[in-house]
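Below: one structure, written as structure tokens.
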Amino acid sequence: MKRICSLLLAALCAQVFIPAGAQSRPAVTDSKVEDVVKAMTLHEKATLLVGVYSYGRNPDGTTRKAVPGAAGGSAEISRLGIPYAYYTDGPQGVRINPTRKGTDKTFYCTAFPIATMMASTWNTDIVREVGEAMGNEVLEYGNDILLAPAINIHRNPLCGRNFEYYSEDPFLAGKVAAAAIQGVQSQGVGTSLKHFAVNSQETFRRENDARVSQRAVREIYLKGFEIAVKEARPWTIMSAYNQINGVTASEHHALLTEVLRDEWGFDGFVMTDWTDFPRNTAAQIKAGNEQLMPGLEVQVEQIEEAVKNGTLTMADVDLAVTRMLRILFRTPTFKGYKYSNAPDLAAHAKLVRRAADEGAVLLKNEGGVLPLRDKNAKVALFGFGSYKIYQGGTGSGNVHTTGIVNVYDALVEEGFRVHEDLAAVYDGVKIDFKIGEKLAKLRAADCDIAIFTIRRSAGEFVDRREIKGDFYLTDNERASLTNVSEAFHKAGKKVIVLLNTGGVIETVSWKDMADAILLPWQPGVEAGHTVVDILTGRCNPSGRLPMTWPVAYNDIPSSKNFPSNFEGNSWKKGPVRDSFDPNKRNEGFTEYEEGIWVGYRHFATFGVPVSFPFGYGLSYTTFSYSDPVVKAGKKGAFTASVTVTNTGSVPGKEVVQLYVSAPKGTMEKPLRELKGFAKTRELAPGESQTVTISFDTYGLASFDEALNAWVTDAGQYTAQFAASVEDIRQSASFKVRKASVVKLSAKL
Ligand code: BGC
1 MKRICSLLLA
11 ALCAQVFIPA
21 GAQSRPAVTD
31 SKVEDVVKAM
41 TLHEKATLLV
51 GVYSYGRNPD
61 GTTRKAVPGA
71 AGGSAEISRL
81 GIPYAYYTDG
91 PQGVRINPTR
101 KGTDKTFYCT
111 AFPIATMMAS
121 TWNTDIVREV
131 GEAMGNEVLE
141 YGNDILLAPA
151 INIHRNPLCG
161 RNFEYYSEDP
171 FLAGKVAAAA
181 IQGVQSQGVG
191 TSLKHFAVNS
201 QETFRRENDA
211 RVSQRAVREI
221 YLKGFEIAVK
231 EARPWTIMSA
241 YNQINGVTAS
251 EHHALLTEVL
261 RDEWGFDGFV
271 MTDWTDFPRN
281 TAAQIKAGNE
291 QLMPGLEVQV
301 EQIEEAVKNG
311 TLTMADVDLA
321 VTRMLRILFR
331 TPTFKGYKYS
341 NAPDLAAHAK
351 LVRRAADEGA
361 VLLKNEGGVL
371 PLRDKNAKVA
381 LFGFGSYKIY
391 QGGTGSGNVH
401 TTGIVNVYDA
411 LVEEGFRVHE
421 DLAAVYDGVK
431 IDFKIGEKLA
441 KLRAADCDIA
451 IFTIRRSAGE
461 FVDRREIKGD
471 FYLTDNERAS
481 LTNVSEAFHK
491 AGKKVIVLLN
501 TGGVIETVSW
511 KDMADAILLP
521 WQPGVEAGHT
531 VVDILTGRCN
541 PSGRLPMTWP
551 VAYNDIPSSK
561 NFPSNFEGNS
571 WKKGPVRDSF
581 DPNKRNEGFT
591 EYEEGIWVGY
601 RHFATFGVPV
611 SFPFGYGLSY
621 TTFSYSDPVV
631 KAGKKGAFTA
641 SVTVTNTGSV
651 PGKEVVQLYV
661 SAPKGTMEKP
671 LRELKGFAKT
681 RELAPGESQT
691 VTISFDTYGL
701 ASFDEALNAW
711 VTDAGQYTAQ
721 FAASVEDIRQ
731 SASFKVRKAS
741 VVKLSAKL
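Count the sequence shown with our numbering and you get residues 1 to 748, in order.
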């Protein structure tokens, strides 16, 4: 053993101490990884499988170093050249502490647009570019793995963490996640695709049992993960807290081994979501969950004990350690990368602005009130969000950023005259208050236009609620908007509403009061600039909704099966929750009764009216679609193309959405489903572009529960080229000649 160790030390440790910036270190081969595993003691192996907090101990008793504020990492085993690895949140950018003891230097990171907004760009190139910049911040701040992207489905608009997730549609979510992973990992750092899987609510998220059909789990809740894993090979996956059909996700062998590795070919390692109490440690390792996060010393003992008493074999442990080492030997820390602690935040802010400009969605523009033509207009700026915008959501997905640009500042910078008295009214006031009729009339008399921001925040630990001030406007917001709208309209002036929110709110009861509604989401550091870019027409909006905005909450198919009015925070330290009752509907367990009928699959198929449909968003120009063609290629491959022409008077980008309707078969199917999309380049007036979208028969399959198989029926399909799920512009039919069946053995 001694000899092996010294050889390994020579082979590996020598490289660890290579001078800084040594990126050229050769990859550690599989046989070398095997040698390292052979050289490890059981205690060292167990320690590697259990994450370490910043105060955690390495096997040799030394205290772990840390990047302050990073969420966790893995232990160092210095005698074998196994370095620390540092993991940091999250989907909107790197989350570390912005200040440190003993230095004046700051460590701020860029708050990029929230994930939902990135999905609203429908542009995988910009998503990849943002991923590269995030990956660069991971690297330059000394981290190894970004705990992102998060890809859970927007099953219900009130999930507190929807802002961290992409869409109600698994195809869009999967494609966007794949691009994000490719971007981040191009920097030589890893990602952790999370939360695997069916983690659709925050209320009792660590205990809740998601009871979901095999078809829905495959088609809706796993599909995005499948796409992202196959296309982008994330270094790691984070298993979810919740149970799926009675089995805790981190102990779910069918999920973590049969589906993830055997079916999809995942070759990284799985870490648990952060759990501050031990679960069934041996069952987790056996299921294929390699690392237990954030890590408790008792779990190290439990692994050692399990090997001694035979609950785990040494082969189980070795397999897990091997999977981890293969990744850890790719990290910048292992490679001795000398990070700068000084990523180019100014360059990244410019990218934030470009990305947010593409993700903002124009929901209404009556009479072409936007773009604003008069740059000298005097603006009456209402709403707290106009003066203090929410750049993102709360919890682990929040980024410590600096230099957030507010709408007020950006308007002033642009040269607009903004009424100072209103700024003074909002300054320092914390409580929700009402703009009275008198004040509204005064401002309507001395200003040219009203801009009214409605602001909402949500985040980890707590679901949103179907109450005033969250899903609905507060009484004061409604009264203020009514007074402003009446006064300005009486004076012949227009009202623009900005929605500074991470997710869906009710809009039908008030949208008539606004001439234009712009949804800049929570757009990251450059928030105000994004708003002004669109209001002025410097940027022609090209964002499209990645989820449906319903007429009423009760129209949402999961509304009965979601804790829409849970009061307070169900997250407390330790395993026992005060009010937790495993038999309580929507808390102890949640019935996913709606099955596959999530989002537009429900609204479009059953003809339920919506406020704004999936895929919707306006532009300052118009587009025509022509020459739809679908061509069959080899091995079940198809290409669909259509020509888009800018028929308006200003340049703009269009998002072409490809929906497919299947022929009638044995299974009930949605009216249409998204199977592809493409964003055009910026087209000048009169200019055309032909976009081509590829898909294949596997992508057309539905999950047949009786056969436990993906089945694509033979027959006549229709490809629909659309500007939203309700706005089909062209279609073309195509034939699938032979049915295909992909049988699976795993059951969830
Ligand atoms: C969250 C994860 C996050 C982790 C580390 C957990 O509470 O669910 O998304 O990555 O904490 O901060």
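For every residue, glycine included, the Cβ atom is placed at its ideal position computed from N, Cα and C.
Heavy atom of ligand 1 within 7 Å of residue i beta-carbon
i           : result
residue 573 : no
residue 296 : no
residue 460 : yes
residue 463 : no
residue 249 : no
residue 195 : yes
residue 652 : no
residue 90  : yes
residue 228 : no
residue 147 : yes
Burial state of residue i, where buried means 16 or more other Cβ atoms lie within 10 Å
i           : result
residue 733 : exposed
residue 445 : exposed
residue 420 : exposed
residue 169 : buried
residue 207 : buried
residue 729 : buried
residue 456 : buried
residue 123 : buried
residue 745 : exposed
Distance between residue j and residue i (C-alpha atoms, nearest Å)
i           : j           : result
residue 471 : residue 33  : 52 Å
residue 141 : residue 294 : 20 Å
residue 754 : residue 541 : The chain is shown only over 1 to 748; residue 754 falls outside these bounds and no answer can be derived.
residue 403 : residue 109 : 10 Å
residue 95  : residue 299 : 26 Å
residue 738 : residue 636 : 9 Å
residue 130 : residue 492 : 42 Å
residue 145 : residue 91  : 12 Å
residue 319 : residue 705 : 32 Å
residue 463 : residue 249 : 20 Å
residue 440 : residue 483 : 6 Å
residue 359 : residue 584 : 39 Å
residue 747 : residue 677 : 31 Å
residue 612 : residue 511 : 11 Å
residue 152 : residue 480 : 36 Å
residue 516 : residue 202 : 33 Å
residue 408 : residue 396 : 28 Å
residue 639 : residue 727 : 21 Å
residue 554 : residue 266 : 39 Å
residue 344 : residue 43  : 41 Å
residue 424 : residue 399 : 29 Å
Residue i: CB within 7 Å of a non-hydrogen atom of ligand 3
i           : result
residue 274 : Ligands displayed in this structure: ligand 1; ligand 3 is not among them.
Continuous beta strand (DSSP E) stretch holding residue i: start and end
i           : result
residue 625 : 623-632
residue 690 : 688-696
residue 712 : 709-712
residue 719 : 715-724
Residue interval of the alpha helix (DSSP H) (run including residue i)
i           : result
residue 646 : That residue, residue 646, is in no alpha helix (DSSP H); its beta strand (DSSP E) goes 637-646.
residue 446 : 437-446
residue 408 : 407-414
residue 500 : That residue, residue 500, is in no alpha helix (DSSP H); its beta strand (DSSP E) goes 494-500.
residue 31  : 30-39
residue 603 : 600-605
residue 131 : 124-140
CA nearest to the CA of residue i, picked from the options
i           : options            : result
residue 276 : 372, 260, 379, 52  : 52
residue 573 : 205, 510, 73, 192  : 205
residue 75  : 69, 695, 46        : 46
residue 520 : 626, 460, 386, 648 : 386
residue 244 : 231, 234, 291, 196 : 196
residue 237 : 442, 329, 172, 149 : 149
residue 394 : 192, 459, 413, 587 : 459
residue 596 : 234, 61, 221, 467  : 221
residue 619 : 538, 341, 155      : 538
residue 602 : 670, 703, 324, 389 : 670
residue 712 : 721, 700, 720, 723 : 700
residue 487 : 707, 428, 547, 380 : 380
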